[in-house]
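Just so you know, we're using the numbering used here here: the sequence shown kicks off at 1 and counts up by one.
Every residue, glycine too, gets a C-beta built ideally from N, C-alpha and C.
Predicted, not measured: the structure shown is a model, and the values here were computed from it.
Read the structure below first, then the notes.
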Amino acid sequence: MTNREIAAALEEVADLLEFQGANPFRVRAYRNGAQKVKDAPKSLLTIVGDSGAEALTAIDGVGKDLAEKIAELATSGTLAMLDELRAEVPASVMALMRVPGMGPKKAATLHKELGVQSLDQLRAACEAGEVQKLKGFGKKTEETILAGIEHAAKAGERVRWADADAIVQRLLAHMDGVEAIKRREPAGSYRRGKETVGDLDLLVDVGATMDAKTVATVMDRFGEFEGVAEVIARGDTKMSIRLDSGLQIDLRCVPSESFGAALQYFTGSKEHNVEVRGRAKARGLKVSEWGVFNTADDTRIAGDTEEEVYAAIGLPCFPPELRENRQEFAAAEAGELPRLIELSDLRGDLHMHTSATDGRGTLREMVAAARQRGLEYIAITDHSKRVTMAHGLDADRLRAQWKEIDLVNEELQAEGAEFVVLKGIECDILEAGPMDLPDDVLAEADWVIASLHYGQNQPRAKIMERLLGAVAHPSVSIVAHPTGRLIGKRASYDVEVNELIAACVEHGKLLELNANPMRLDLDDVNCAAAKAAGVPIVISSDAHSTEGLDVLRYGVLQARRAGLEQWDVFNTRRFNFWEADKASGLFPRASVAWRNKPVTEKIAYFLARHRAALTKGDNKAAAFCKQDIGYSIGWLVEQSFKKDKVTWPNVWIDGGWYTNLTIGKDRWTAEGWLVAVQGQEKWRLAPFVGQFQLSETTVSPYKIDIGLRPSAFEKHDEWSIPYTRDASRDEALRKALADRENWPTHFAG
Ligand SMILES: [Zn+2]
Ligand SMILES: [Zn+2]
Numbered sequence: 001m002t003n004r005e006i007a008a009a010l011e012e013v014a015d016l017l018e019f020q021g022a023n024p025f026r027v028r029a030y031r032n033g034a035q036k037v038k039d040a041p042k043s044l045l046t047i048v049g050d051s052g053a054e055a056l057t058a059i060d061g062v063g064k065d066l067a068e069k070i071a072e073l074a075t076s077g078t079l080a081m082l083d084e085l086r087a088e089v090p091a092s093v094m095a096l097m098r099v100p101g102m103g104p105k106k107a108a109t110l111h112k113e114l115g116v117q118s119l120d121q122l123r124a125a126c127e128a129g130e131v132q133k134l135k136g137f138g139k140k141t142e143e144t145i146l147a148g149i150e151h152a153a154k155a156g157e158r159v160r161w162a163d164a165d166a167i168v169q170r171l172l173a174h175m176d177g178v179e180a181i182k183r184r185e186p187a188g189s190y191r192r193g194k195e196t197v198g199d200l201d202l203l204v205d206v207g208a209t210m211d212a213k214t215v216a217t218v219m220d221r222f223g224e225f226e227g228v229a230e231v232i233a234r235g236d237t238k239m240s241i242r243l244d245s246g247l248q249i250d251l252r253c254v255p256s257e258s259f260g261a262a263l264q265y266f267t268g269s270k271e272h273n274v275e276v277r278g279r280a281k282a283r284g285l286k287v288s289e290w291g292v293f294n295t296a297d298d299t300r301i302a303g304d305t306e307e308e309v310y311a312a313i314g315l316p317c318f319p320p321e322l323r324e325n326r327q328e329f330a331a332a333e334a335g336e337l338p339r340l341i342e343l344s345d346l347r348g349d350l351h352m353h354t355s356a357t358d359g360r361g362t363l364r365e366m367v368a369a370a371r372q373r374g375l376e377y378i379a380i381t382d383h384s385k386r387v388t389m390a391h392g393l394d395a396d397r398l399r400a401q402w403k404e405i406d407l408v409n410e411e412l413q414a415e416g417a418e419f420v421v422l423k424g425i426e427c428d429i430l431e432a433g434p435m436d437l438p439d440d441v442l443a444e445a446d447w448v449i450a451s452l453h454y455g456q457n458q459p460r461a462k463i464m465e466r467l468l469g470a471v472a473h474p475s476v477s478i479v480a481h482p483t484g485r486l487i488g489k490r491a492s493y494d495v496e497v498n499e500l501i502a503a504c505v506e507h508g509k510l511l512e513l514n515a516n517p518m519r520l521d522l523d524d525v526n527c528a529a530a531k532a533a534g535v536p537i538v539i540s541s542d543a544h545s546t547e548g549l550d551v552l553r554y555g556v557l558q559a560r561r562a563g564l565e566q567w568d569v570f571n572t573r574r575f576n577f578w579e580a581d582k583a584s585g586l587f588p589r590a591s592v593a594w595r596n597k598p599v600t601e602k603i604a605y606f607l608a609r610h611r612a613a614l615t616k617g618d619n620k621a622a623a624f625c626k627q628d629i630g631y632s633i634g635w636l637v638e639q640s641f642k643k644d645k646v647t648w649p650n651v652w653i654d655g656g657w658y659t660n661l662t663i664g665k666d667r668w669t670a671e672g673w674l675v676a677v678q679g680q681e682k683w684r685l686a687p688f689v690g691q692f693q694l695s696e697t698t699v700s701p702y703k704i705d706i707g708l709r710p711s712a713f714e715k716h717d718e719w720s721i722p723y724t725r726d727a728s729r730d731e732a733l734r735k736a737l738a739d740r741e742n743w744p745t746h747f748a749g
């Protein structure tokens, strides 16, 4: 079991004990234990495996008894004590505790005093006004419970994707013990990356024929998976089991020739497959889990792989995350299927906590962990003082932390590391509206996250007033976990996301996709709306420990479901490029050092660094600086499009690709290409030439020429920022793009 699963089990023990009215100290011991397990930087299973259960007592707050329970969970995946407790409390009563604001104690009171056994009975009791008469409840509580019931009922028995994934990984490892298995793939909503999963599907390729002996071996192995509570059914090709946790897993054995068809079929979604079948029918084809067939003579034309199945119907093999029959078919027809973001695209993480507040890792530990994971920059964003529970930072403590960050950055620079730590803060938006820290403090920050942690039950008008006020605040960069929902636990506060997005457009602010698997906030639909409006998303870990940095992948998965591409996500940018964005005022500023600098000064800075590097004979650093200059120039070109709101659907203009940089004594020239990116491909769109005059510290004045075609340079004598387009040039570029098949040069990647 993973630490997270162990913690969840201990948490459940605490809930059940509390429900039963057990000794509060005992309850607290399990709750604390759960917290310690969640925060533990190392896999407890590994610790137990290496050094035995005894070693766990080294963890502060874990005694001998708890250590044994943890070891039992870690190694066997079950806990006898938990099973006993579960048997004593009916599952329908457990569901009561999922109602927001309820908790085990209140659930127990309702159970004892009113005999409430299920959500339906609870609803009836609330509606009859019986709940408010109970001691410690009141009218307000009754209303909150009533509102929460619907949410709890909806959350049902679905498990969060991250938890499902832990089970899937173990299941795959378990099944890989069977040699006869050719291919195996989990399907269903798990494969589509849905934030919660109802049950799991596993497809197994058992070879060319459905050999009964092979199938039996596979099924026997499946039945031996850890934590199987019951075998629901076992047939010729299909078998279903239920785990102790209540999760159902379906196994399907298929012959090789049908594996792709089955994978397509069982991945879904239902809505997507209805469309697929309709399109097949129009072509005289029939699609089933066994393959693609000619309707006329029933001959099979595809089925071995998914690619083949889709290709037979004239469709691209859609990434599973997009298969919801939202826009994927229209996008495919237009040749505009997005190139979805990948985890490796992320270069920075802009939301994390340290031991200065409620995080577990020190500043330096977080830096080391982020570097280890290949990130290029991070923002340290501890809580502000309103979050008393987390010992939030006041202005003095925050400034002290920033001093430490300065020191760390100096050290990083001294060792030649290309890594930057930003001075950030997760500043609360107070219940009354204002930010939790004075303006002058926020103005000093590199990166200000605005968060709404308190007063979440306020009416929509008030919530929106607070959020929109934060977005309009000049120092705020981004709104974190914008809806405040906790999947399956807490509904979002009353927020009008579209209004929030509109405000971000107006003020050039960003929105977070919090990657914590409990949050995934914004969700896929809202992220897609943000993308459509042109608001960049930042995928952040909100890590409270070094291990916490690893949740970014869940955020990326959600982003993929939203159809986000690399350039829709802000923290995929190289830090320097990102800095240029910031200095323009297009995006919120990043660092103090770069604040308010025009891009020409940035170029001058890189140029000076380039010169120094050459003097030192450091070719690597020189090349890096050259690249930065290229990026800055590219950025200028790109901005000219954005400023004039010149956009082509699904085409990204990237001027950052340059071919040549000639640096003279008092003048230099950059030659590059305006690049159009669409889907998987890049095209050279038009060449540009930038000429720059040098003085000691600045580059000025300069001009940039953009040609339309390699053969059609347009020369300008004077060209100053901001670059203003004229309509004819614009039209010509549009035409050039439409005419791209005829371009003389073409490159991919
Ligand atoms: Zn927060
Ligand atoms: Zn946070």
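task = Would you mind stating whether residue 468 and residue 503 have Cβ atoms separated by less than 8 Å?
result = Closer than 8 Å, so yes.
ask   = residue 391: beta carbon under 7 Å from a heavy atom of ligand 2?
value = No; taking the cut-off as 7 Å, the Cβ of residue 391 has no heavy atom of ligand 2 nearer than that.
query = Got a sec: does ligand 1 put a non-hydrogen atom nearer than 7 Å to the Cβ of residue 426?
reply = yes
query = For the stretch 12 to 29 against the stretch 86 to 101, are there 3 or more C-beta pairs whose distance is under 8 Å?
reply = yes
inquiry  = Alpha carbons only, please: which of 560, 559 and 327 is nearest the one belonging to residue 336?
reply    = 327
ask   = First and last residue of the beta strand (DSSP E) that includes residue 161?
value = First-last for residue 161: 161 to 175, but that is the alpha helix (DSSP H), not the beta strand (DSSP E).
C-alpha distance - residue 255 paired with residue 301, whole-angstrom precision = 15 Å
request  = With a threshold of 16 other CB atoms inside 10 Å of the CB of residue 5, please say whether the residue is buried or exposed.
outcome  = buried
query = Taking Cβ positions, are residue 341 and residue 556 nearer each other than 8 Å?
reply = yes
query = What residue range is occupied by the uninterrupted beta strand (DSSP E) comprising residue 186?
reply = In the DSSP annotation of this structure, the continuous segment of the beta strand (DSSP E) that includes residue 186 starts and ends at 183 to 186.
key: Helix, strand or coil at residue 435 according to DSSP, with G and I counted as helix   = strand
query = Do you know how far the Cα of residue 166 is from the Cα of residue 381?
reply = 29 Å
task = State the DSSP-derived secondary structure class of residue 526, mapped to helix, strand or coil.
result = helix
task = May I ask you to check if the CB of residue 542 is nearer than 7 Å to at least one heavy atom of ligand 2?
result = yes
inquiry  = Let me make sure I understand the geometry here. Which of 507, 520, 262 and 489 has the alpha-carbon closest to that of residue 534?
reply    = Nearest C-alpha to residue 534 among 507, 520, 262 and 489: 507.
query = Is any heavy atom in ligand 1 found nearer than 7 Å to the beta carbon of residue 480?
reply = Residue 480 Cβ: within cutoff of ligand 1.
query = In three-state DSSP terms, what is residue 250?
reply = strand
Residue range of the unbroken beta strand (DSSP E) whose run includes residue 537 = 537 to 540
task = Would you mind stating whether residue 394 and residue 385 have Cβ atoms separated by less than 8 Å?
result = yes
request  = Could you give the DSSP three-state label for residue 357: helix, strand or coil?
outcome  = coil
task = Assign residue 546 to one of two classes, buried (16 or more other C-beta atoms within 10 Å of its C-beta) or exposed (fewer than that).
result = buried
inquiry  = DSSP has residue 447 in a bridge; who is on the other side?
reply    = Its beta-bridge partners are 424.
Nearest-angstrom Cβ-Cβ length linking residue 759 and residue 320, presumed shorter than 8 Å = Only positions 1 to 749 of the chain appear in the structure, and residue 759 is not among them; the question remains open.
query = Are the Cβ atoms of residue 258 and residue 323 separated by less than 8 Å?
reply = no
ask   = Whole alpha helix (DSSP H) runs in the stretch 329 to 397 with 4 or more residues, listed along the chain?
value = Here the runs fully enclosed are 363 to 372.
The alpha helix (DSSP H) enclosing residue 222, as first and last residue numbers = Unbroken alpha helix (DSSP H) run through residue 222: 212 to 223.
ask   = Cβ of residue 351 within 7 Å of any heavy atom in ligand 2?
value = yes
ask   = Going along the chain, which unbroken runs of the alpha helix (DSSP H) with 4 or more residues stay wholly within the stretch 257 to 312?
value = 259 to 267, 270 to 282 and 306 to 312
key: Contact test: residue 477 Cβ vs ligand 1 heavy atom, cutoff 7 Å   = Flag unset: Cβ of residue 477 not near ligand 1.
Pairwise C-alpha distance: residue 358 and residue 392 = 8 Å
message = My output table needs one value for residue 498: the three-state DSSP class, helix, strand or coil.
response = helix
Sequence-distant residues of the same chain with beta carbon closer than 6 Å to residue 202, five excluded per side = 186 and 251
inquiry  = Once DSSP output is grouped into helix, strand and coil, what is the label at residue 409?
reply    = Residue state, collapsed to three classes: helix.
ask   = Considering only C-alpha positions, which residue in the set 531, 478, 447 and 543 is nearest to residue 561?
value = The shortest Cα separation from residue 561 among 531, 478, 447 and 543 belongs to 531.
query = How would you call residue 164, buried or exposed, if buried means at least 16 neighbouring beta carbons within 10 angstroms?
reply = The residue is buried, with at least 16 neighbouring Cβ atoms inside 10 Å.
key: Nearest residue (CA-CA) to residue 554, options 567, 563 and 539   = 539
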